[in-house]
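Following the numbering used here, the numbering of the sequence shown begins with 26 at its first residue and continues without gaps.
Here a beta-carbon is modelled for each residue, glycine too, at the ideal position from N, C-alpha and C.
Keep in mind that this is a model prediction, so the values were computed, not measured.
Contents: one structure, followed by commentary.
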Amino acid sequence: EDDKLRDAVSRHGERNWKSIAEEVPGRNHTQCLQRWTKVLAPGLVKGHWRPDEDDLLKELVAEGRKNWGQVATRIPGRTSKQCRERWYNHLDPSIVRGYAMTLSPGYDDFYAWCIVEDAS
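Below, the structure is given as structure tokens:
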């Protein structure tokens with residue numbers, strides 16, 4: 026299916042998604058566009074983030090940018106979803122880290138009690 030999509034894009038370019046979808050059985054133009062732009066397009070960067078990418082993402086968010094589509098256009102090869110997930114799961118300073126080290130004595134017993142109460 027991906028090979029058919031690649032072939033269709035090479036013939037029609039990255040603009041005519043309705044014509045492209047006609048060559049990919051069972052997929053509509055929106056699905057083809059999404060698959061191409063989020064997974065298959067040349068230049069997409071996958072895997073670990075480099076420190077310079079993290080720095081740029083922090084800078085863009087500090088400027089007040091949280092339109093992830095616009096942010097992604099400033100970080101070459103990264104998608105809006107990658108930028109959003111990187112921020113919210115790794116870089117956002119409001120993420121609570123190391124909370125287990127700061128729990129007060131008796132917290133485990135209280136937590137277990139809450140789980141039991143919630144289950145009943």
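Q: Work out the CA separation of residue 26 and residue 43 for me, nearest whole Å.
A: Taking the first residue of the sequence shown as position 1, residue 43 is located at position 18. Taking the first residue of the sequence shown as position 1, residue 26 is located at position 1. Those two C-alpha atoms are separated by around 16 Å.
Q. Going straight from the alpha carbon of residue 89 to that of residue 120, what length do you get?
A. For this step, residue 89 is matched to residue 64 along the sequence shown. For this step, residue 120 is matched to residue 95 along the sequence shown. One C-alpha to the other measures close to 18 Å.
Q) Cβ of residue 116 within 9 Å of Cβ of residue 63? A) For this step, residue 116 is matched to residue 91 along the sequence shown. For this step, residue 63 is matched to residue 38 along the sequence shown. No; because the gap between Cβ atoms is not below 9 Å, this pair is not in contact.
Q. Which residues in the same chain have their Cβ closer than 6 Å to the Cβ of residue 68, if we skip the five residues on either side of it in sequence?
A. Along the sequence shown, read from residue 1 onward, the residue named residue 68 stands at position 43. Listed in chain order, the non-local C-beta contacts of residue 68 below 6 Å within the same chain comprise 102, local neighbours out to five positions each way being set aside.
Q) How many Å lie between residue 100 and residue 52 at the Cα? A) Stepping through the sequence shown from its first residue, residue 100 is reached at position 75. Stepping through the sequence shown from its first residue, residue 52 is reached at position 27. Taking the straight line from one Cα to the other gives about 29 Å.
Q: Report the rounded CA-to-CA distance for residue 31 versus residue 60, giving the unit in angstroms.
A: On the sequence shown, position 6 is the one that residue 31 refers to. On the sequence shown, position 35 is the one that residue 60 refers to. Between residue 31 and residue 60, the C-alpha separation is close to 10 Å.
(Q) In whole angstroms, give me the CA-to-CA distance for residue 57 and residue 80. (A) Start at 1 with the first residue of the sequence shown, and residue 57 comes out as number 32. Start at 1 with the first residue of the sequence shown, and residue 80 comes out as number 55. Near 32 Å, if we compare the C-alpha coordinates of residue 80 and residue 57.
Q) According to the neighbour-count rule (16 or more other Cβ atoms, all chains shown, within 10 Å of its Cβ), is residue 38 buried or exposed? A) Locating residue 38 in the sequence shown gives position 13, where the first residue counts as 1. Label assigned to residue 38: exposed.
Q | Buried versus exposed call for residue 107 [16 or more other C-beta atoms within 10 Å across all chains shown] | A | As a working note, residue 107 is residue 82 in the sequence shown. Buried, since its Cβ has 16 or more Cβ neighbours within 10 Å.
Q.
With distance defined between alpha-carbon atoms, name the residue in 71, 113 and 33 nearest to residue 50.
A. Position 25 of the sequence shown, counted from the first residue, corresponds to residue 50. Measuring from the Cα of residue 50, the nearest candidate turns out to be 33.
Q: Report buried or exposed for residue 87, applying the criterion of at least 16 other Cβ atoms within 10 angstroms of its Cβ.
A: Numbered from 1 along the sequence shown, position 62 holds the residue referred to as residue 87. When all chains shown are included, residue 87 counts as exposed.
Q | Expected contact under 8 Å - CB spacing of residue 46 and residue 54 to nearest Å | A | Translated into positions along the sequence shown, residue 46 becomes position 21. Translated into positions along the sequence shown, residue 54 becomes position 29. Going by Cβ atoms, the distance from residue 46 to residue 54 rounds to 4 Å, so yes, they are a contact pair.
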